[in-house]
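Numbering (this note's numbering), first residue to last: 1499 to 1596.
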Amino acid sequence: MRSTETLTRAAIAEAINRKLGLSRAESLAMVEAILDHMCEALSKGENVKISGFGTFLLRDKAERIGRNPKTGVEVPITPRRVLTFRASQMLKDRISGK
């Protein structure tokens, strides 16, 4: 079953506002500060681990040969760095209802 709902920065800030009693501006500033810190760490090449939630991992992909699906022509795919997310076992269990 697929949900069409999306959790946004504003929704997270609103939840912080309700639970902690901070103003909306303070709550949004807190969310922005956390996300900025995570982005800064990732841009420096660091992984980001949030205990009980998961890990954002940077992976370096080597150059490889791909294929154009329409023409079948081989095309080199340049090396690049990609961001992946690995959910913690606790999050996986929570999602599956265990």
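By construction, the Cβ of each residue, glycine as well, lies at the ideal position given by its N, Cα and C atoms.
Provide the residue span of the beta strand (DSSP E) that contains Val1573, from first to last. Val1573 -> beta strand (DSSP E) spans Glu1572 to Ile1575.
Among the candidates Gly1564, Leu1581 and Phe1583, whose CA atom is the shortest distance from the CA of Pro1574? Among Gly1564, Leu1581 and Phe1583, the Cα nearest to that of Pro1574 belongs to Gly1564.
Are there 16 or more other CB atoms within 10 angstroms of the CB of Ser1525, so buried, or fewer, so exposed? Flag for Ser1525 reads buried.
Where Leu1589 sits in the DSSP three-state scheme: Leu1589: helix per DSSP, three-state reduction.
Just to confirm before moving on: does the CB-CB distance between Gly1550 and Ser1586 stay below 9 angstroms? Yes.
Have a look at Ala1560, Arg1562, Asn1545 and Glu1561 and flag the residue whose alpha-carbon is nearest the alpha-carbon of Phe1554. Nearest neighbour of Phe1554 by Cα position, chosen from Ala1560, Arg1562, Asn1545 and Glu1561, turns out to be Asn1545.
How many Å lie between Ser1541 and Ala1508 at the Cα? Cα to Cα, the separation comes out at about 24 angstroms.
Quick one: what does DSSP say Arg1520 is sitting in, helix, strand or coil? One detail in the question is off: residue 1520 reads as Leu in this sequence, not Arg. Residue state, collapsed to three classes: coil.
7 angstroms CB neighbourhood of Val1606 in its chain, flanking five on each side removed: Absent from the model: residue 1606. The displayed extent of the chain is 1499 to 1596, so no value can be given.
Can you say whether Val1571 is buried or exposed, counting buried as having 16 or more other CB atoms within 10 angstroms of its CB? That one is exposed.
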